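Asks: Handing you a structure now.
Number of protein chains: 2
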Amino acid sequence: MNLVVQKYGGSSLADAERMRYVAARVADRRARGHALVVVVSAMGDTTDALIALARQVTDHPEDREMDLLLATGEVVSCTLLAMALRAQGVPARSFTGAQAGILTDRVHGRARILRIKPARIWQALEQQEVAIVAGFQGITAGTDITTLGRGGSDTTAVALAAALGAPMCEIYTDVEGVFTCDPRLEPRARRLPEISYEEMLEMASQGARVMHPRAVELGAIYGVPILVASSFTDAPGTIIHGASAMEPTNKVRGISHDMDVAKVTALGLPDRPGVAARLFAALEAAHVAADAIVQNASVHGPETDLTFTVRKDDLQRAVAAVEPALAAVGARGLQTNEALGKVSIVGTGVLNTPGYAARMFRTLSEAGINIELITTSEIRITCMVDRDRVPEAVRALHAAFELERPEALGT
Amino acid sequence: MNLVVQKYGGSSLADAERMRYVAARVADRRARGHALVVVVSAMGDTTDALIALARQVTDHPEDREMDLLLATGEVVSCTLLAMALRAQGVPARSFTGAQAGILTDRVHGRARILRIKPARIWQALEQQEVAIVAGFQGITAGTDITTLGRGGSDTTAVALAAALGAPMCEIYTDVEGVFTCDPRLEPRARRLPEISYEEMLEMASQGARVMHPRAVELGAIYGVPILVASSFTDAPGTIIHGASAMEPTNKVRGISHDMDVAKVTALGLPDRPGVAARLFAALEAAHVAADAIVQNASVHGPETDLTFTVRKDDLQRAVAAVEPALAAVGARGLQTNEALGKVSIVGTGVLNTPGYAARMFRTLSEAGINIELITTSEIRITCMVDRDRVPEAVRALHAAFELERPEALGT
């Protein structure tokens with residue numbers, strides 16, 4: 005039936021006028037013969053307003069109540085978009101996450117989708133209706149409402165596309181696609197017409213705000229191609245998809261950065277098995293995701309230091325979680341640094357291609373930027389630096405790898 | 005378990021401060037050994053704001069979408085009240101109408117409750133939690149969200165009290181109970197400590213804004229006593245309950261009034277069976293409730309006039325509904341009057357007690373107020389008059405029946 009799943013973010017639905025504009029885009033697409041499922045975020049800054057309201061009532065809102073509260077934001081958007089479509093003569097029907105059959109686990113505030121039972125969505129599509137689905141939310145087996153946490157609406161969209169077997173998931177947002185680096189930092193940044201899941205994952209997890217890595221990962225697992233494009237223009241966007249043979253593999257595709265990094269160093273850990281496991285079990289129990297993890301085997305004695313990074317917002321929770329574990333294993337202490345950022349070069353093969361790492365470190369060094377920590381993956385090299393120096397580092401690396409050139413090969 | 009169902013209206017939950025105040029009241033009640041189910045309306049003017057938002061998107065929002073949109077208002081309140089209670093150390097859990105098991109028919113915007121399956125409410129009560137329920141809403145067998153229309157949250161509360169077998173339903177609002185007439189019109193109005201379901205029904209259906217007749221009716225059917233009191237004070241309120249032998253029956257209990265009345269007169273209807281039925285079938289199909297209906301058998305020929313009243317807001321819909329029916333039966337035409345109000349005297353036996361009707365008509369006549377239409381029930385006499393004269397009529401009748409006196413007997 006030529007099915008497309010689209011997702012529109014909060015800034016694309018900020019007011020009634022934007023709502024009508026998005027409705028017109030959806031109507032136009034439907035007129036071109038597509039069956040449509042449209043996933044929506046909450047309007048503009050609705051979610052922040054609801055959080056503020058809860059904070060007026062209590063300093064410690066309970067997670068379950070918070071989820072039920074926040075889920076109303078996407079419900080409001082989906083009903084209004086359905087109304088806007090009907091006003092333009094397009095049959096449309098709104099669905100809460102529960103009605104769309106998004107079944108999740110019970111981890112409030114950051115629930116994972118377990119399964120989708122999209123019976124009502126199929127029914128709507130069979131009746132030629134556009135199905136509008138409230139993103140970011142689901143329901144547990146015990147009929148509690150959950151929210152999916154960061155990247156939630158993107159995740160809803162990609163998961164629905166996978167469950168419905170849609171050949172494409174389109175994420176409409178306020179940027180025109182994936183760029184070689186943040187265009188706000190470097191005006192010569194260039195839009196990438198396509199990028200592989202793996203590269204996008206690295207870009208996203210290293211701070212490119214375009215899409216949450218979780219949704220990209222889901223796309224990779226289920227092989228759903230994802231188009232990221234602007235809802236404000238008709239620019240073509242970026243397609244995220246499986247590796248393409250047409251692409252030269254050995255090149256830097258982009259520079260990503262992240263201003264939201266905190267570093268935790270556990271000092272004087274006994275160098276024996278099980279110590280790190282204990283630490284990260286404590287973090288996991290507190291639902292804090294550690295990003296980079298670095299430990300050097302000790303060469304000077306029975307003790308070692310272990311460093312990991314978390315999101316700045318999670319720092320307090322991370323410290324509270326690991327402190328008892330550190331005390332229990334007899335560590336010497338804890339150091340934290342909240343004023344860090346990350347800058348990464350991303351591209352298939354960068355790590356294994358001689359010269360990339362060296363060129364990255366040399367570029368930063370020539371700019372007088374000190375490297376606090378280095379981590380790597382097969383397709384990414386990341387340096388942690390002072391947060392204040394991040395924009396400068398991005399610009400220097402963009403120039404060093406000649407990313408402003410359409411066919412930049414990097415070496 | 006000493007169960008009480010309470011309901012708090014929107015003005016009682018208008019902001020975070022009021023929310024904390026209501027939480028303190030609930031906490032206090034629980035500390036005195038009660039198990040509590042608390043039904044909430046949307047905060048302040050949230051519902052109006054959501055309606056305005058929908059109107060910005062379209063002039064004709066669809067009923068189903070509107071219900072899903074509006075239902076979010078009560079969900080927001082119930083989560084915030086649950087948070088406020090937890091912040092005060094009281095275990096509490098919020099429930100949407102669907103989670104509370106409020107099953108309704110499919111008439112969006114004015115759904116009727118079919119059945120309540122309060123399994124989750126019982127579960128919360130067994131765990132010593134206060135159950136906070138979003139009023140005004142339910143769910144259909146097809147998992148669509150419905151709203152109950154006017155008086156919806158009161159209806160939720162009374163229906164839950166009936167389903168749970170609670171010995172009392174307490175409705176907290178911004179008035180101190182049921183008065184002999186509207187205290188804003190007549191400062192000598194007196195609070196009634198108690199009133200029968202039947203009298204309250206007549207008061208409510210004739211415009212006393214304290215409680216919707218639908219909820220009173222439900223209380224009468226299931227024998228649930230209802231306390232109406234202010235959430236802003238500790239004043240004792242009014243108990244609505246079954247007829248009490250301690251009460252003298254023959255007296256005027258109060259004067260109710262309604263400023264929101266429109267009159268429709270169908271002119272020159274053929275005087276044969278089936279004509280009125282056809283008219284009211286058309287009204288019913290349009291979901292317009294006609295209030296007073298007056299027809300005089302014709303004495304001068306084969307034609308008759310028929311008059312009925314509707315809410316001012318329903319006038320356009322009523323006219324649109326009956327016009328085709330009138331044309332089909334060959335009526336001569338239609339007259340409408342939007343500028344009417346009603347004033348009623350209410351009390352068990354008023355119609356059958358000599359002197360009440362006469363005193364009412366004489367009082368209005370002496371005040372120079374013309375009576376447009378008269379309707380009666382066993383316990384009520386209603387006169388329709390110019391809307392502008394309603395306040396004056398209320399004051400004149402309050403004085404004529406000596407309602408300012410604590411033991412006013414009316415004759």
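Chains as they are written, first to last, in this note's numbering: chain S, 5 to 415; chain U, 5 to 415. The C-beta atom is built at its ideal place from N, Cα and C for all residues, glycine as well. This one's a predicted model, so the numbers in the text were calculated from it and none came from an experiment.
(1) Using a Cβ-Cβ cut-off of 6 Å (strictly less than) and excluding sequence neighbours within five positions of G48(U), which residues of its own chain qualify?
(2) Mapping DSSP to helix, strand and coil, what is R59(U)?
(3) Starting from T159(S) and walking both ways along the alpha helix (DSSP H), at which residues does that stretch end?
(4) I'd like the list of long-range same chain contacts for V279(U), defined as Cβ closer than 7 Å, with 5 residues on each side in sequence excluded.
(5) Suppose only complete runs of 3+ residues qualify. What are the beta strand (DSSP E) ranges in the stretch 33–82 of chain U, listed by chain order?
(6) Per DSSP, what kind of secondary structure is V398(U) in: helix, strand or coil?
(7) At 3 residues or longer, what runs of the beta strand (DSSP E) sit wholly inside the stretch 346–415 of chain S?
(8) Which whole-angstrom value describes the C-beta separation of T352(S) and E203(S), a residue pair presumed to lie in contact below a C-beta threshold of 8 Å?
(9) Cβ of Q131(S) less than 8 Å from any chain U Cβ?
(10) Judging by CA-CA distance, which residue of F236(U), R194(U), I243(U) and G181(U) is the nearest neighbour of R213(U)?
(11) Measure from the C-beta of R24(U) to each C-beta in chain S and report whether the shortest distance is under 8 Å.
(12) Contact criterion: CB-CB distance below 8 Å. Does V398(S) meet it with respect to chain U?
(13) Curious, which full-length alpha helix (DSSP H) runs of at least 4 residues does the stretch 213–300 of chain S contain?
(14) Given this structure, state the Cα-to-Cα distance separating M250(U) from R36(U), to the nearest angstrom.
(15) Distance, Cα to Cα, I136(S) vs S98(S)?
(16) Hey, would you say L7(S) sits closer than 8 Å to A39(S), going by beta carbons?
(17) Quick test of the definition: if touching needs 3 or more C-beta pairs under 8 Å, does the stretch 81–94 of chain S touch the stretch 153–164 of chain U?
(18) Is there a Cβ from chain U that is less than 8 Å from the Cβ of M87(S)?
(19) For R393(S) and E21(U), I'd like the C-alpha separation in whole angstroms.
(20) Specify whether the stretch 321–330 of chain U and the stretch 347–365 of chain U touch according to this definition: at least 3 beta carbon pairs, one from each stretch, less than 8 Å apart.
(21) Expressed to the nearest angstrom, what Euclidean distance is found between the alpha-carbon atoms of N374(U) and N341(U)?
(22) Closer than 6 Å by C-beta to R192(S): which residues in its own chain qualify, once you throw out the five before and the five after it? Chain order, please.
(23) What are the boundary residues of the beta strand (DSSP E) that includes V137(S)?
(24) Y201(U) bridges to which residues according to DSSP?
(25) Looking only at its own chain, which residues have a Cβ that is under 7 Å from the Cβ of G113(U), when we skip the five neighbours before and after it?
(26) Cβ of V214(S) less than 8 Å from any chain U Cβ?
(27) Can you give me the start and stop residues for the alpha helix (DSSP H) that A96(S) sits inside?
(28) Pull up the CB-CB distance for L177(S) and R218(S), whole angstroms please, since I reckon it's below 8 Å.
(29) Show which residues of chain S have a CB atom less than 9 Å away from the CB atom of L84(U).
(30) By the criterion of Cβ-Cβ separation under 7 Å, what are the contact partners of V79(S) in chain U?
(31) Helix, strand or coil for R116(U) per DSSP?
(32) Tell me the rounded alpha-carbon separation between D417(U) and I149(U).
(33) Taking Cβ-Cβ distances shorter than 7 Å, what residues in chain U pair up with Q103(S)?
(34) Roughly how many angstroms separate the alpha carbons of P240(S) and R29(S), rounded to a whole number?
(35) Rounded to the nearest angstrom, what separates A289(U) and V111(S) at their Cα positions?
(36) Determine, using beta carbons only, whether A91(S) comes closer than 8 Å to chain U.
Replies: A quick look at the data gives this:
(1) Locating residue 48(U) in the second sequence gives position 44, where the first residue counts as 1. Excluding positions up to five away in sequence, the list reads G14 and A18.
(2) In the second sequence, residue 59(U) corresponds to position 55, counting from 1. Shown here, R59(U) sits in a helix according to DSSP, grouped into three states.
(3) Within the first sequence, numbered from 1, the residue matching residue 159(S) stands at position 155. Taken as a continuous stretch (DSSP letters only), the alpha helix (DSSP H) holding T159(S) covers G156 to L168.
(4) Translated into the one-based positions of the second sequence, residue 279(U) becomes position 275. Answer for V279(U): L273 and V333, listed in chain order.
(5) Within the stretch 33–82 of chain U, the runs of beta strand (DSSP E) that reach at least 3 residues and sit entirely inside it are, in chain order, 39–44.
(6) If you number the second sequence from 1, residue 398(U) lands on position 394. Reduced to three states, the DSSP call for V398(U) is helix.
(7) Complete beta strand (DSSP E) runs here, min 3: 377–381 and 384–390.
(8) In the first sequence, the residue the question calls residue 352(S) occupies position 348. In the first sequence, the residue the question calls residue 203(S) occupies position 199. Right, their Cβ atoms sit about 6 Å apart.
(9) Position 127 of the first sequence, counted from the start, is the residue given in the question as residue 131(S). By the rule that beta-carbons nearer than 8 Å mark a contact, Q131(S) does not touch chain U.
(10) Indexing the second sequence from 1 puts residue 213(U) at position 209. The candidate whose alpha carbon is nearest that of R213(U) is G181(U).
(11) Numbered from its first residue, the second sequence carries residue 24(U) at position 20. True, the Cβ-Cβ gap to chain S drops below 8 Å.
(12) The residue labelled residue 398(S) in the question sits at position 394 within the first sequence. At a cut-off of 8 Å between C-beta atoms, V398(S) does not count as an interface residue with respect to chain U.
(13) 217–226 and 279–289
(14) The count along the second sequence starts at 1 and reaches residue 250(U) at position 246. The count along the second sequence starts at 1 and reaches residue 36(U) at position 32. Low per-residue confidence applies at M250(U): pLDDT is 49, beneath 50, and the placement is therefore not dependable enough to give any value.
(15) Numbered from its first residue, the first sequence carries residue 136(S) at position 132. Numbered from its first residue, the first sequence carries residue 98(S) at position 94. About 5 Å.
(16) Here the question's residue 7(S) lines up with position 3 in the first sequence. Here the question's residue 39(S) lines up with position 35 in the first sequence. Annotated as proximal: L7(S) and A39(S), with beta-carbon spacing under 8 Å.
(17) no
(18) Position 83 of the first sequence, counting from 1, holds the residue named residue 87(S). Judged by the 8 Å Cβ criterion, M87(S) is in contact with chain U.
(19) Residue 393(S) sits at position 389 when you count from the first residue of the first sequence. Residue 21(U) sits at position 17 when you count from the first residue of the second sequence. Cα to Cα, R393(S) sits roughly 44 Å from E21(U).
(20) no
(21) Stepping through the second sequence from its first residue, residue 374(U) is reached at position 370. Stepping through the second sequence from its first residue, residue 341(U) is reached at position 337. Roughly 15 Å separates the two Cα atoms.
(22) Taking the first residue of the first sequence as position 1, residue 192(S) is located at position 188. Around R192(S): E408.
(23) Here the question's residue 137(S) lines up with position 133 in the first sequence. Looking at the DSSP string, the run of the beta strand (DSSP E) that includes V137(S) is V134 to A138.
(24) Stepping through the second sequence from its first residue, residue 201(U) is reached at position 197. None; Y201(U) has no bridge partner.
(25) The count along the second sequence starts at 1 and reaches residue 113(U) at position 109. Answer for G113(U): D67, M70, D71, T151 and G153, listed in chain order.
(26) Counted from its first residue, the first sequence places residue 214(S) at position 210. Not an interface residue.
(27) As a working note, residue 96(S) is residue 92 in the first sequence. Premise fails: A96(S) lies in the beta strand (DSSP E), A96 to F99, not in any alpha helix (DSSP H).
(28) By one-based count along the first sequence, residue 177(S) stands at place 173. By one-based count along the first sequence, residue 218(S) stands at place 214. First, the amino acid is wrong: residue 177(S) is Thr here, not Leu. Not really, about 15 Å apart at Cβ, beyond 8 Å.
(29) Here residue 84(U) is taken as the residue at index 80 of the second sequence, counted from 1. Residues of chain S passing the Cβ test: L57, A58, Q60, V61, T62, P65, E69 and L73.
(30) By one-based count along the first sequence, residue 79(S) stands at place 75. Within chain U, the residues near V79(S) are L72 and T76.
(31) As a working note, residue 116(U) is residue 112 in the second sequence. The answer is coil: DSSP assigns R116(U) none of H, G, I, E or B.
(32) Residue coverage of chain U in this structure runs from 5 to 415, which leaves residue 417(U) outside it and unanswerable.
(33) Stepping through the first sequence from its first residue, residue 103(S) is reached at position 99. By Cβ distance, chain U contributes T147.
(34) For the purposes of this step, residue 240(S) is taken as residue 236 along the first sequence, with counting starting at 1. For the purposes of this step, residue 29(S) is taken as residue 25 along the first sequence, with counting starting at 1. C-alpha separation (whole angstroms): 14 Å.
(35) Along the second sequence, one-based indexing puts residue 289(U) at 285. Along the first sequence, one-based indexing puts residue 111(S) at 107. Whole-angstrom Cα-Cα distance: 46 Å.
(36) Translated into positions along the first sequence, residue 91(S) becomes position 87. Yes - at least one Cβ of chain U is within 8 Å of the one on A91(S).
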